[in-house]
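Protein chains in written order, with UniProt numbering: chain A, 1 to 152; chain B, 1 to 152; chain C, 1 to 152; chain D, 1 to 152. Where is the CB? At the ideal position from N, CA and C, for every residue including glycine.
Here it is in structure tokens:
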């Protein structure tokens, strides 16, 4: 999953900033999600399928699918921000295309347009079984860059 | 929180169907969310604030906010469906308006238009502290009604 | 249609600013749309049905419905902005709920949350026939406030 | 603009069905828009810049941008539908990324997922000046296939 080449395009400082922020997200740890790829303007977040993240039919819940999609997009934007910035999700929209099944689901956040204040990302989520990937959700997200003050 | 009067408008059968479906959602139990109101075309889902559902600044994660908003809307539609139906989220869009803080957050899903195949809901999420409610997110959701076959 | 009372809540200066900006929109004049209500945080835009705004089945085109909804929301936000500001639509989402039929359609833009940089509006469009109103579309919009420099 | 090769992948019958439906849309003619590319699951609609389609700063109005984006997506889905079907926009979401300037704007609708009832499209709109293209809007759309009964 890890794409060593493009990950290396990110400075160690930015990689460390992204990972540290992710690690402070109680929800990601509680769900069992982790970052599996980081490159400038693109972050992947992967969530193993397990009973704690299902909806009523046993597939991964749209809420869990959305949570990792939102997170992947947020950090994709964050990789392009200047230091001492923080990222806020303004809004997103997601279409659930197929049942979220597989050994795990993988969210890919990709910056489409990076502005001074606002950044727009494309969100895609894949169900992965034995390395076969199926697109299960697609979305679009607006992020806002804020100055990171200690009290926020 | 519980509005006994309007809850009573739902037949015991429908209430039981909604609750049973909700109880099968591993994610809702894992997050600690529960249904706190049910009426025809309107369902509330409440999530207590705790470290397991936070983002990097300690507020409730947009993914958790969205997860209970999506669930509240889905079951709001479900209350109006004929028996032997199941509900699927086609898509939703959500704006995060304010930091999700409070003792708990409460999502309100309300049916705006109920069609034969598609249902559209309004989603609102409030941060609640000592019974003071602040709107923290607002969204819009499209649901699809499907025949509930045992293998789904 | 005109609600004299609440219109009067807007200062003549703000009313004039909104109307002057609207009048510079070539598209609104070309479609035949006009502002039919202005109050702080709420603007109505009305479009008479005519062959020039139809889709293939003779109803008002979703594009025309969206155009007046976007415009109503944009000016709803604009009524709350300080002088020397301009308004930009960041994004919107709209559900088309019913065929857009009637003598005219009327879009209602209402501010849900007004922030320093971003404003969120609810968009509703009604089909009106002989004063009977039917909700035909519902949406949600994010606006951005910018300083109005002469060269923009 | 016209991509002869991929256009030829569409049968003359489907091309004629799409064009005839487009020609019945009063709004497209009134705006001055036309189809400039058709392939299975992909349709382009182009709109020349002119005073009749502007917003208050002289750029193409977000409503016009959205109208051709919605139309391009709708017909992209339509190219994949069985005969005797009609297409309905359920909803769409669009981000306006940059001022819509250029000699013309071109909307590209592309099917992402084609289902029995619902189809999801990606929408992109470019500003074109002297064949240089700039992405000015990006969106996502849900379509519904209906049986085409004469009375609809």
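Contact with chain D by residue i, beta-carbon distance below 7 Å
i: residue 125/A; result: no
i: residue 70/C; result: yes
i: residue 54/B; result: no
i: residue 66/C; result: yes
Under 7 Å between C-beta atoms of residue i and residue j
i: residue 72/B; j: residue 109/B; result: yes
i: residue 9/C; j: residue 48/C; result: no
i: residue 119/D; j: residue 111/D; result: yes
i: residue 139/A; j: residue 67/A; result: no
i: residue 84/A; j: residue 148/A; result: yes
i: residue 93/B; j: residue 93/D; result: yes
i: residue 134/C; j: residue 91/A; result: no
i: residue 51/C; j: residue 32/D; result: no
i: residue 14/B; j: residue 86/B; result: no
C-beta neighbour in chain A for residue i, strict 7 Å
i: residue 61/B; result: yes
i: residue 96/B; result: yes
i: residue 15/B; result: no
i: residue 5/D; result: Residue confidence for residue 5/D is low, a pLDDT of 46 falling below 50, so the modelled location carries little weight; the figure read from the coordinates is stated next. Output row for residue 5/D: interface = no.
DSSP state of residue i mapped onto helix, strand, coil
i: residue 2/D; result: Residue confidence for residue 2/D is low, a pLDDT of 43 falling below 50, so the modelled location carries little weight and cannot support an answer.
i: residue 152/B; result: Caution applies to residue 152/B, whose pLDDT of 40 falls short of 50 and renders its modelled position unreliable; the value that the coordinates give is listed next. Coil, per DSSP.
i: residue 126/B; result: strand
i: residue 66/C; result: helix
i: residue 115/C; result: coil
i: residue 51/A; result: helix
i: residue 46/B; result: strand
i: residue 77/D; result: helix
i: residue 133/A; result: strand
i: residue 72/B; result: helix
i: residue 147/A; result: strand
i: residue 106/C; result: strand
i: residue 159/A; result: Here chain A has residues from 1 to 152 only, and residue 159/A is not among them.
Sequence-distant residues of the same chain with beta carbon closer than 8 Å to residue i, five excluded per side
i: residue 117/D; result: 144 and 145
i: residue 96/B; result: 62, 65, 136 and 137
i: residue 57/C; result: 99
CB contact check: residue i to chain B, cutoff 7 Å
i: residue 88/C; result: no
i: residue 138/A; result: no
i: residue 110/D; result: no
i: residue 119/D; result: no
i: residue 107/A; result: no
i: residue 30/A; result: yes
CB contact check: residue i to chain C, cutoff 7 Å
i: residue 91/A; result: yes
i: residue 49/D; result: no
i: residue 142/A; result: yes
i: residue 176/D; result: Look at the range of chain D in this structure, 1 to 152, and you will see that residue 176/D is not part of it.
i: residue 167/D; result: Nothing in the structure corresponds to residue 167/D, since chain D is present only between 1 and 152.
Residue span of the alpha helix (DSSP H) that contains residue i, given as start and end
i: residue 14/B; result: 12-23
i: residue 30/B; result: 26-31
i: residue 39/C; result: Counting along the chain, residue 39/C falls outside any alpha helix (DSSP H), though it belongs to the beta strand (DSSP E) covering 34-39.
Neighbourhood of residue i by C-beta distance below 7 Å, restricted to the same chain and skipping five residues each side
i: residue 104/C; result: 46, 47, 48, 49 and 128
i: residue 17/B; result: none
i: residue 28/A; result: 22 and 71
i: residue 53/A; result: 31, 47, 60, 61 and 64
i: residue 157/C; result: No answer is possible for residue 157/C: the residues shown for chain C start at 1 and end at 152.
i: residue 19/D; result: 35
Neighbourhood of residue i by C-beta distance below 6 Å, restricted to the same chain and skipping five residues each side
i: residue 43/C; result: 72, 75, 76 and 109
i: residue 55/B; result: 61
i: residue 101/B; result: 59 and 127
i: residue 107/C; result: 45, 68, 69, 72 and 125
Host beta strand (DSSP E) of residue i (start-end)
i: residue 61/B; result: Looking at the DSSP string, residue 61/B is not in any beta strand (DSSP E), and its letter there is neither H nor E.
i: residue 85/D; result: 85-96
Contact test: residue i Cβ vs the ligand PLP heavy atom, cutoff 6 Å
i: residue 142/B; result: With respect to small molecules bound, the structure shown includes none, and the ligand PLP cannot be examined in it.
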